[in-house]
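Line by line, the protein sequences are chains A and B. Heads up, the first sequence is in this note's numbering, so the first residue is 1 and it goes up one at a time. Heads up, the second sequence is in this note's numbering, so the first residue is 1 and it goes up one at a time.
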Amino acid sequence: MNVRFLSLGDTALVVEFGDRVERVLSDRVLTLSTLVLEAKLPGVVETVPTFRSLTVHYDPLVTASASLIDSIGKLLYATTGAAVQMKLWRVPACYAPAHAPDLAEVAERTGLAADEVVRLHSSAVYHIYMMGFVPGFPYMGDVPQSLVLPRRTDPRTRVPAGSIAIATTLTAIYPLESPGGWHLIGSTPVRLFDATLPRPALFSPGDAVKFEPVTVDEFDSIRAAVAAGTYEVPSEARTT
Amino acid sequence: MTQALKVAIPGIHTTVQDAGRPGYQGVGVPVSGPLDRVSFRLANALVGNSPGTPALEMLFQGPALEVLADSVRVALVGCNSNIEVRTDNGRIIPAGQSVRLARGEVFKIGRLEDSVCAYLAIEGGLDVATALGSASTYVRGALGGFNGRALRKGDLLPVARMNAEMRAERVMSRPLDLAHDQPIRVVLGPQADYFTDAAIKTFLTSEYCVSDQADRMGYRLDGPALAHAKGYDIASDGVAAGAIQVPGSGMPIVLMVEAPTTGGYPKIATVISADIPVLGRRRRGQTIHFAAVDAAEAEALRRGQEAFLQQCAREFGIAAN
Numbered sequence: 001m002n003v004r005f006l007s008l009g010d011t012a013l014v015v016e017f018g019d020r021v022e023r024v025l026s027d028r029v030l031t032l033s034t035l036v037l038e039a040k041l042p043g044v045v046e047t048v049p050t051f052r053s054l055t056v057h058y059d060p061l062v063t064a065s066a067s068l069i070d071s072i073g074k075l076l077y078a079t080t081g082a083a084v085q086m087k088l089w090r091v092p093a094c095y096a097p098a099h100a101p102d103l104a105e106v107a108e109r110t111g112l113a114a115d116e117v118v119r120l121h122s123s124a125v126y127h128i129y130m131m132g133f134v135p136g137f138p139y140m141g142d143v144p145q146s147l148v149l150p151r152r153t154d155p156r157t158r159v160p161a162g163s164i165a166i167a168t169t170l171t172a173i174y175p176l177e178s179p180g181g182w183h184l185i186g187s188t189p190v191r192l193f194d195a196t197l198p199r200p201a202l203f204s205p206g207d208a209v210k211f212e213p214v215t216v217d218e219f220d221s222i223r224a225a226v227a228a229g230t231y232e233v234p235s236e237a238r239t240t
Numbered sequence: 001m002t003q004a005l006k007v008a009i010p011g012i013h014t015t016v017q018d019a020g021r022p023g024y025q026g027v028g029v030p031v032s033g034p035l036d037r038v039s040f041r042l043a044n045a046l047v048g049n050s051p052g053t054p055a056l057e058m059l060f061q062g063p064a065l066e067v068l069a070d071s072v073r074v075a076l077v078g079c080n081s082n083i084e085v086r087t088d089n090g091r092i093i094p095a096g097q098s099v100r101l102a103r104g105e106v107f108k109i110g111r112l113e114d115s116v117c118a119y120l121a122i123e124g125g126l127d128v129a130t131a132l133g134s135a136s137t138y139v140r141g142a143l144g145g146f147n148g149r150a151l152r153k154g155d156l157l158p159v160a161r162m163n164a165e166m167r168a169e170r171v172m173s174r175p176l177d178l179a180h181d182q183p184i185r186v187v188l189g190p191q192a193d194y195f196t197d198a199a200i201k202t203f204l205t206s207e208y209c210v211s212d213q214a215d216r217m218g219y220r221l222d223g224p225a226l227a228h229a230k231g232y233d234i235a236s237d238g239v240a241a242g243a244i245q246v247p248g249s250g251m252p253i254v255l256m257v258e259a260p261t262t263g264g265y266p267k268i269a270t271v272i273s274a275d276i277p278v279l280g281r282r283r284r285g286q287t288i289h290f291a292a293v294d295a296a297e298a299e300a301l302r303r304g305q306e307a308f309l310q311q312c313a314r315e316f317g318i319a320a321n
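Following this line, the structure appears as structure tokens:
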């Protein structure tokens, strides 16, 4: 695999493994992220894993790009460490029409029955490649081939928090109300980002998500429990 | 008892900022912090604060504030405007100098002259709750600062100290050079190879100007379009403040302190950290020239800027009464 070090100014360095959305690249990125953080290299502020590259933010008053390239270069071929326990989250998802404004359109465009769209979307286990766009927003994939659609041509200015969406080979959940151009096929009552917690984002890159269909009534009661602080999203150790 | 600054006029977009909120970019939280880190540091130094103390960032136009504490000491840096005290004992204090104000005094910073942004530091700092370890306001995420938003009329902005002790006021020995004629230096990449050689040449030799779409998230520029060599969609990767992304229109957008943490457009170059404050000050319609340096030069320039800031703080004089 051809690894490239790219400059992102004098405060960040990009370690690029490829240019596509691919699980094999993501695994390399996530492993390197863990190794870089474990190495506690002086001046490294934080890492940002993405689909196909790792961004390493650094303080140019403490370290320099050249010495980081040297240190990180050595980590690329490390064979030990980086055994991080990732989680599989079982996220309640309501696909009822009131919670899924684009489901009928997605069914029409894919030539599938709405029930089949729901079955396909909720049967896959999704890998969280990266987080970005807004706090706590997970880019997950890959969606079943028959659900792959381009983004909407008319992006919405307001997508409600909790919306479950698909576009291209990816699926996501909007953690807070924001603009968005993805197809909204469901919603979750789960809170994905809470700045008052020491770990503010529920998910981490490298975790997995499976959507568990719930009825409107179940959605409402989980939402009430979330508001009361008595709900915990079911999770288990991720095995693959 | 309340110890606060009461907002009589909020200004256009006045927010609390500290040194920023690093550590959460991996889960999508931008660093935030001041657009002009240099002026922010100097304003804090003039009132004797440590470098990252929460202060006010003002864009375009400053606020009018009433002192609801026994006394406060404040300093304005980043523009060529004044602090105007409008109540009894009215006076005008130029930028680059600290001043002590007493309970009931109302002071105003009007239009920011010669800069988009400027900073008002308060001795002891603003006493706002931190979010994820920082007092910086991130408006889109409703995080930090004063209730996660820009100031509004009537807000009571808590100050950390009830009283500013009498002492000689500090003044900058020479005014801050706002560097309006200085080229904005960049490191090419990370996706310079997504552009034609002609586009790189155009980028480094042409005149661009700040468009009216410019805010804390990014400055969209107007000027010659930049041609992509292999498309304008990339699988998203990380960005940093200063990254210059070029969407399909060919018009560059310089990402600033409140930009999302990842992006899906190729980045032709990244403004060096020492020059982000210089770009941050540029007004709409003002021209920009870019010049390329390498990462090692950029790091050296940043170290030089840090030395300059420390020297400035050592050389503050005593203001004449």
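Glycine residues also receive a C-beta, built at the ideal position from the N, C-alpha and C atoms. Being a predicted model, the structure only gives us computed values, none of them experimental.
Under 8 Å between C-beta atoms of B/VAL46 and B/VAL72:
Position 46 of the second sequence, counted from the start, is the residue given in the question as residue 46 of chain B. Position 72 of the second sequence, counted from the start, is the residue given in the question as residue 72 of chain B. For clarity, residue 46 of chain B is Leu in the given sequence; the question names Val instead. No; because the gap between Cβ atoms is not below 8 Å, this pair is not in contact.
query: Skipping 5 residues on each side, what residues in its chain have a beta carbon closer than 8 Å to that of A/ILE185?
result: If you number the first sequence from 1, residue 185 of chain A lands on position 185. TYR95, ALA100, ASP102, LEU103, VAL106, VAL117, VAL118, HIS121, ILE164, ALA165 and ILE166, listed in sequence order.
**Q.** Whole-Å CB distance - B/ASN80 paired with B/ASP114, under 8 Å assumed
**A.** Along the second sequence, read from residue 1 onward, the residue named residue 80 of chain B stands at position 80. Along the second sequence, read from residue 1 onward, the residue named residue 114 of chain B stands at position 114. With a Cβ gap of about 5 Å, B/ASN80 and B/ASP114 count as contacting.
For B/ALA217, tell me which candidate among B/ARG41, B/ASP127, B/VAL31 and B/ALA296 has the shortest Cα-Cα distance. Along the second sequence, read from residue 1 onward, the residue named residue 217 of chain B stands at position 217. Per the sequence shown, residue 217 of chain B should be read as Met rather than Ala. Of B/ARG41, B/ASP127, B/VAL31 and B/ALA296, the residue nearest in Cα terms is B/VAL31.
Please compile the residues from chain A whose C-beta is within a distance smaller than 8 Å of the C-beta of B/ALA240. What you label residue 240 of chain B is simply residue 240 of the second sequence in a count that begins at 1. Per Cβ cutoff of 8 Å: LEU8, GLY9, THR11, ALA12, THR55 and HIS57.
Q) Between which two residues does the beta strand (DSSP E) harbouring B/LYS324 extend? A) Lying before the first or after the last residue shown, residue 324 of chain B is absent from chain B, which here runs from 1 to 321.
Grab me the residues of A/ALA172's own chain with a C-beta within less than 7 Å of its C-beta, minus the 5 sequence neighbours each way, in chain order.
-> Counting from one through the first sequence, the residue named residue 172 of chain A turns up at place 172. Within the same chain, A/ALA172 has close Cβ partners PHE137, PRO138, TYR139, MET140, ALA165 and TRP182.
| Which word fits B/GLY203, buried or exposed, when buried means at least 16 other C-beta atoms lie within 10 angstroms of its C-beta? | Locating residue 203 of chain B in the second sequence gives position 203, counting from the first residue. Per the sequence shown, residue 203 of chain B should be read as Phe rather than Gly. Under this definition B/PHE203 is a buried residue.
Terminal residues of the beta strand (DSSP E) in which A/ARG156 lies: Taking the first sequence and counting its residues from 1, the one referred to as residue 156 of chain A is at position 156. A/ARG156 -> beta strand (DSSP E) spans 156–159.
**OP:** Would you be able to state if there are at least three C-beta pairs under 8 Å between the region 161–180 of chain B and the region 36–43 of chain B?
**Re:** yes
(Q) Quick check on DSSP: helix, strand or coil for A/THR31? (A) Taking the first sequence and counting its residues from 1, one reaches residue 31 of chain A at position 31. For A/THR31, the secondary structure class from DSSP, reduced to helix, strand or coil, is helix.
request  = Output, in sequence order along the chain, the residues in the region 24–44 of chain B whose CB is closer than 8 Å to any CB in chain A.
outcome  = TYR24, GLN25, GLY26, VAL27, GLY28 and VAL29
Let me know the beta strand (DSSP E) ranges lying completely inside the region 42–72 of chain B, each 3 residues or longer, listed in chain order. 55–59 and 64–68
Are three or more beta carbon pairs between the region 94–102 of chain B and the region 14–34 of chain B nearer than 8 Å?
no
Terminal residues of the continuous alpha helix (DSSP H) containing A/ALA224?
Looking up residue 224 of chain A in the first sequence gives position 224. Taken as a continuous stretch (DSSP letters only), the alpha helix (DSSP H) holding A/ALA224 covers 216–228.
Quick test of your reading: B/ASP275 and B/ILE200, contact by CB under 8 Å. State the CB separation rounded to the nearest angstrom.
Start at 1 with the first residue of the second sequence, and residue 275 of chain B comes out as number 275. Start at 1 with the first residue of the second sequence, and residue 200 of chain B comes out as number 200. Actually they are not in contact, since the Cβ atoms of B/ASP275 and B/ILE200 sit about 19 Å apart, beyond 8 Å.
Checklist entry - In chain A, which residues lie less than 8 Å from B/SER236 when you measure between Cβ atoms? => result Mapped onto the second sequence, residue 236 of chain B falls at position 236. Within chain A, the residues near B/SER236 are THR50, PHE51, MET130, GLY132 and TYR139.
Exercise for review: Output, in sequence order along the chain, the residues in the region 116–143 of chain B whose CB is closer than 9 Å to any CB in chain A.
Suggested key: Going along the region 116–143 of chain B in chain order, one finds ALA131, LEU132, TYR138, ARG140, GLY141, ALA142 and LEU143 with a Cβ nearer than 9 Å to chain A.
Below 8 Å CB to CB, which residues in the same chain sit around A/ASP10 once its five sequence neighbours on both sides are set aside? Here residue 10 of chain A corresponds to residue number 10 of the first sequence, with the count starting at 1. Excluding sequence neighbours, A/ASP10 sits near PRO60 and SER65.
Quiz item: Considering only residues of the region 255–317 of chain B, which uninterrupted beta strand (DSSP E) runs meet the minimum length of 3 residues and lie entirely inside it, listed in chain order?
Solution: The beta strand (DSSP E) runs of length 3 or more contained entirely in the region 255–317 of chain B are, from start to end of the chain, 267–271 and 290–292.
For A/THR47, go through chain B and note every residue whose CB falls closer than 7 Å to its CB, in chain order.
-> As a first step, residue 47 of chain A must be located in the first sequence, where it is residue number 47. The contacting residues are GLY26.
Simplified DSSP state of A/LEU103, which is helix, strand or coil:
As a working mapping, residue 103 of chain A is identified with position 103 in the first sequence. DSSP places A/LEU103 in helix when its eight states are reduced to three.
Q) Looking at the C-beta of A/SER122, does it have a partner C-beta in chain B at a distance below 8 Å? A) Sequence index remark: in the first sequence, residue 122 of chain A carries index 122 (1-based). Closer than 8 Å: no.
Classify A/VAL216: buried if its beta carbon has 16 or more other beta carbons within 10 angstroms, exposed otherwise.
Numbered from its first residue, the first sequence carries residue 216 of chain A at position 216. Exposed, by the Cβ-count rule.
Delimiting residues of the alpha helix (DSSP H) encompassing A/ASP70:
Residue 70 of chain A sits at position 70 when you count from the first residue of the first sequence. Here the alpha helix (DSSP H) through A/ASP70 covers 65–75.
message = So within the region 165–212 of chain B, which uninterrupted beta strand (DSSP E) runs reach at least 3 residues, ignoring any that extend past its ends?
response = 184–188
Neighbour-count burial assignment, A/VAL91, 16 or more Cβ in a 10 Å radius: Along the first sequence, one-based indexing puts residue 91 of chain A at 91. Counting Cβ neighbours within 10 Å, A/VAL91 comes out buried, since at least 16 surround it.
Query - Residues in the region 244–270 of chain B having any Cβ partner in chain A nearer than 9 Å - result: PRO260, THR261, THR262, GLY263, LYS267, ALA269 and THR270
*Who does A/GLY186 pair with in a DSSP beta bridge?*
What you label residue 186 of chain A is simply residue 186 of the first sequence in a count that begins at 1. Paired residue(s): A/ILE164.
Q: Could you check what DSSP says for A/ALA114 in three-state terms: helix, strand or coil?
A: Sequence index remark: in the first sequence, residue 114 of chain A carries index 114 (1-based). Correct three-state label for A/ALA114: helix.
Let's test the definition: count the other Cβ atoms within 10 Å of the Cβ of B/MET166 and tell me whether it reaches 16, buried, or not, exposed.
Residue mapping note: residue 166 of chain B aligns to position 166 of the second sequence, counting from 1. Classification for B/MET166: exposed.
- Query: Can you find a CB in chain A that lies within less than 8 Å of the CB of B/GLY304?
  - Reply: Mapped onto the second sequence, residue 304 of chain B falls at position 304. With a threshold of 8 Å between beta carbons, B/GLY304 makes no contact with chain A.
**Asked** Between A/PRO188 and A/TYR129, what straight-line distance do the alpha-carbon atoms span, to the nearest angstrom?
**Response** In the first sequence, the residue the question calls residue 188 of chain A occupies position 188. In the first sequence, the residue the question calls residue 129 of chain A occupies position 129. The sequence shown places Thr at residue 188 of chain A, not Pro. Between A/THR188 and A/TYR129, the alpha-carbon positions lie close to 20 Å from each other.
- Task: Assuming B/GLY121 contacts B/ALA164 (C-beta within less than 8 Å), just tell me the rounded distance between them.
- Result: Here residue 121 of chain B is taken as the residue at index 121 of the second sequence, counted from 1. Here residue 164 of chain B is taken as the residue at index 164 of the second sequence, counted from 1. What sits at residue 121 of chain B in the sequence shown is Ala, not Gly. The C-beta distance from B/ALA121 to B/ALA164 rounds to 12 Å, too long to meet the 8 Å contact threshold.
Checklist entry - Name the chain B residues whose beta carbon is nearer than 8 Å to that of A/PRO60? => result The count along the first sequence starts at 1 and reaches residue 60 of chain A at position 60. In chain order: SER273, ALA298, GLU299, ARG302 and ARG303.
Review point. Quick one: does B/ALA199 have its CB under 8 Å from some CB of chain A?
Key: One-based indexing of the second sequence puts residue 199 of chain B at position 199. Answer no: the Cβ-Cβ gap between B/ALA199 and chain A never drops below 8 Å.
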